[in-house]
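Heads up: the structure comes next, in structure tokens.
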Amino acid sequence: MRVSKVFSFDSAHFLPAYHGKCEALHGHTYRLVVTVAGVPDPEGMVIDFILLKKIVQEEVLSVLDHSLLNDILPQPTAENIAKWIWNRTSEKVRSDQAALFEIEVWETPTSYVRIRSEDILETP
Ligand SMILES: [Zn+2]
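Sequential numbering from 1358 applies to the sequence shown in the working numbering.
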């Protein structure tokens, strides 16, 4: 089963290695969807929603929300943000019966990046 929780955070960024609209400083309300896959434990849960929220709050939102993303990542594209979030959360959500399956980072209501475990194996 796949279990997801939806979050949002407000951040500013600019893309120095890009020539276009996102080159100048501006902000987005990002939408983040974290999905964990596994089998339910004896309590009937793949991962407790409360635990998932706590991990994302501590590892991701407390750092990214109301921040300048360039202080954290040199080129904060949605792709690089998704990879960073993956690295911050994958070990924390892992258990005997569950593992991180997917991170979605929505930069606008119509544009998002999705990264899955198989993508991680292919990208250094
Ligand atoms: Zn942007």
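Positions of the beta carbon are idealized from the N, C-alpha and C atoms, including for glycine.
8 Å Cβ cutoff met for residue i and residue j
i            : j            : result
residue 1449 : residue 1406 : no
residue 1395 : residue 1439 : no
residue 1391 : residue 1460 : yes
residue 1403 : residue 1393 : yes
Residue i beta carbon near ligand 1 (any heavy atom closer than 7 Å)
i            : result
residue 1383 : yes
residue 1423 : no
residue 1459 : no
residue 1416 : no
residue 1464 : yes
Alpha-carbon spacing of residue i relative to residue j, whole angstroms
i            : j            : result
residue 1376 : residue 1475 : 30 Å
residue 1387 : residue 1420 : 14 Å
residue 1427 : residue 1410 : 25 Å
residue 1397 : residue 1447 : 18 Å
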